[in-house]
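Engineer:
In our numbering, the protein residues as written are 694 to 757.
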C-alpha cells in the first residue's frame with residue numbers, strides 16, 4: 694500500500710520466515726505503484742508461514 698502522493702517503481706518487498714529451522718527469504722518486485730494506491734503480490738516459502746514468524750520490509754524503489 695502506497696499511502697504517499699509519490700509514485701514508486703521497481704518496489705522490492707522482502708519476506709523472511711524464521712523459526713522451525715533455517716530462515717527462508719522470498720522477494721517480490723512491483724513494477725509500478727502509484728501514490729494512494731494498493732498492489733497485491735505473493736511470496737513463496739517451502740514451509741507454511743503460519744508455523745513461524747514472518748517479517749516483511751520494503752528493500753527499495755526507484756523514482757519513475
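Ideal Cβ placement from N, Cα and C applies to all residues, glycine included.
Would you mind reading off the limits of the beta strand (DSSP E) that contains residue 716?
Structural biologist: First-last for residue 716: undefined, no H or E at that position.
Engineer: How is the beta strand (DSSP E) around residue 707 delimited, first residue to last?
Structural biologist: That run of the beta strand (DSSP E) goes 701–711.
Engineer: Residue 751 lies in the beta strand (DSSP E); which residues open and close that run?
Structural biologist: Per DSSP, residue 751 belongs to the beta strand (DSSP E) from 746–755.
Engineer: By a C-beta neighbour count over all protein chains shown, 10 Å radius and 16 as the cutoff for buried, is residue 704 buried or exposed?
Structural biologist: That one is buried.
Engineer: Can the beta-carbon of residue 726 be found less than 8 Å from the beta-carbon of residue 732?
Structural biologist: In this structure, residue 732 lies closer than 8 Å to residue 726 by Cβ.
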